[in-house]
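Worksheet: one structure, shown below.
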Amino acid sequence: MLKKLIRKILNKLFLRKFDDIKIQKGQLFERHLEKNIKNIKDLNETNFKIFSQDYEDGIIQYFLKSLDIKNVKFVEIGTQDYSESNTRYIFETMRCEGLIIDPTPNLEKKINAILRTWKNTLKIHNDYVNSQNIIEIIQKNSFDKNLDIFSLDIDGIDYWILEKLPNKISKIFIIEYNPYFGSEKEICAPNIEKFDRFKYHPSGFCWGASLKAIIKLMIKKGYTFVGTNRLNVNSFFIQNEFIHKIKVDIPNLNNLSKFTEVKFNVLSSNNKKNVSLKEVEGTINNVDVFDLKNNKLTKFSEVK
């Protein structure tokens, strides 16, 4: 019993030390970013990973510094155990208050094991979120307006949750999209409560929404699309009132193809490999998706 306790304490100390090293590297990157921020024209120049899944940490810091945001108020939906997330580096290094939403079992206990929660205010909603309860959740926790960052990544009904959110809810908005849906289709997964991409279709390719669908909705909500992460799976938006402070080149909305080139591995037949859009189309042609142009469920292959 004592040996297990000692091992647990040592593991926690080791992980904390390792995280501190990552944070120090992040702060070095921040100083580099501050020196060069006026010369950055390509969002990919800001790529840097500390706790995010890909290189979102650097992109987010670029936006925060460009908008001169010092005290951050954020919501992040889809954090898993918070070890890899878009807002953890912010919580570790800045003054902030946040709300995270995820159904991972024992989420608060897992977060307390890796995070110095006393540093800032962090509210945890440990349950599923859907288009019916999202407004109640954020209102109850007083995170329904005047936010700096909103991050949404649940591999499922992201579009339907986004649709319910108030216009201009945050200065910076990050939302996952499905590059396998291509650059031209305006489609998303059906609005199914507790949507599971692998239960919906064994391939796991039918989830979320196409980038074009998300951009059209975000334009209505008062945002400008400014680019994606390195892997082409997370899209970034800035509220229109603040877009003049962002100096990177704004993408051409008439050609989104470079943002839907798949750049990450997926598990297929027990082997990780890059799967092309053509391969995916052959897999999910007969799967129902929601056609947002025609406001109806239809087969993937029938969407124009």
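Under the working numbering, the first residue of the sequence shown carries the number 99, and numbering increases by one thereafter. Ideal Cβ positions, reconstructed from N, Cα and C, are used throughout, including at glycine.
Residue i in three-state terms, based on DSSP
| i | result |
| --- | --- |
| G124 | helix |
| L103 | Any reading at L103 must be qualified, since the residue scores a pLDDT of 48, below 50, and its modelled position is unreliable; the value itself is stated next. L103 falls in the helix class under three-state DSSP. |
| Y278 | helix |
| V378 | helix |
| C194 | strand |
| I233 | helix |
| F398 | helix |
| F149 | coil |
| N134 | helix |
| D474 | With the chain covering only 99 through 402, there is no way to say anything about residue 474. |
| K343 | helix |
| Y226 | coil |
| I348 | coil |
| T322 | strand |
| I188 | helix |
C-beta atoms of residue i and residue j nearer than 8 Å
| i | j | result |
| --- | --- | --- |
| K266 | K318 | no |
| Q174 | T185 | It should be pointed out that residue 174 corresponds to Glu in this sequence rather than to Gln. Contact flag set, yes. |
| N327 | Y180 | no |
| I235 | F293 | no |
| I121 | K163 | no |
| V385 | T396 | no |
| I188 | I222 | no |
| T144 | I157 | yes |
| L131 | Y160 | yes |
| I354 | S281 | Looking at the sequence itself, residue 354 is Leu, so the reference to Ile does not match. It is a contact, given that the beta carbons lie within the stated cut-off. |
| T426 | E195 | The chain is shown from 99 up to 402; residue 426 falls before or after that span and cannot be answered. |
| V324 | I138 | no |
| L213 | F340 | no |
| T322 | I312 | no |
| L351 | C286 | no |
| K147 | D140 | no |
| R193 | N231 | no |
| K310 | E284 | yes |
| F406 | I272 | For residue 406 there is no data in the structure shown, the boundaries of the chain being 99 and 402. |
Element boundaries [alpha helix (DSSP H), containing residue i]
| i | result |
| --- | --- |
| K207 | 205-212 |
| L260 | 256-262 |
| L141 | That residue, L141, is in no alpha helix (DSSP H); it is neither H nor E in DSSP. |
| L309 | 309-318 |
Terminal residues of the beta strand (DSSP E) in which residue i lies
| i | result |
| --- | --- |
| Y180 | First-last for Y180: undefined, no H or E at that position. |
| S333 | 332-337 |
| F296 | Run containing F296: none in the beta strand (DSSP E); it sits in the alpha helix (DSSP H), 295-298. |
| K163 | No beta strand (DSSP E) holds K163; the alpha helix (DSSP H) holding it covers 154-164. |
| R328 | Element bounds for R328: n/a, residue is neither H nor E. |
| K221 | 219-223 |
| F249 | Phe is not the amino acid found at residue 249; the sequence shown has Ser there. From DSSP, the beta strand (DSSP E) with S249 extends over 245-250. |
| V387 | 386-389 |
Proximity test, residue i beta-carbon vs the ligand ZN heavy atom, cut-off 7 Å
| i | result |
| --- | --- |
| E190 | Questions concerning the ligand ZN fall outside what the structure shown contains, since it holds no ligand whatsoever. |
Residues bridged to residue i [DSSP beta-bridge criterion]
| i | result |
| --- | --- |
| S268 | L245 |
| V360 | In DSSP, V360 forms no bridge with anything. |
| K238 | DSSP lists no partner for K238. |
| I273 | L250, S333 |
| C304 | Answer by DSSP bridge pairing: none, since C304 is not bridged. |
| K171 | E195 |
| I290 | Looking at the DSSP assignment, I290 forms no beta bridge with any residue, so it has no partner. |
Problem - contact_flag[the stretch 203-222, the stretch 249-263] where n(CB pairs < 8 Å) is 3 or more - result: Remark: fewer than three beta-carbon pairs, one from each stretch, lie closer than 8 Å, so the stretch 203-222 and the stretch 249-263 are not flagged as touching.
Practice task
Spell out a yes or no on whether the stretch 232-242 and the stretch 283-300 are touching, meaning 3 or more CB-CB pairs, one atom from each, closer than 8 Å.
Solution key: By the Cβ rule, the stretch 232-242 does not count as touching the stretch 283-300, because fewer than three pairs are nearer than 8 Å.
Practice task
Tell me, please, whether the stretch 251-263 touches the stretch 221-232 by the rule of three or more beta-carbon pairs shorter than 8 Å.
Solution key: Yes, since at least three Cβ pairs between the stretch 251-263 and the stretch 221-232 fall closer than 8 Å, the two stretches touch.
Problem - the stretch 304-312 in contact with the stretch 274-281 per 3-pair CB rule at 8 Å - result: In short, these stretches touch, since the Cβ pair count reaches three.
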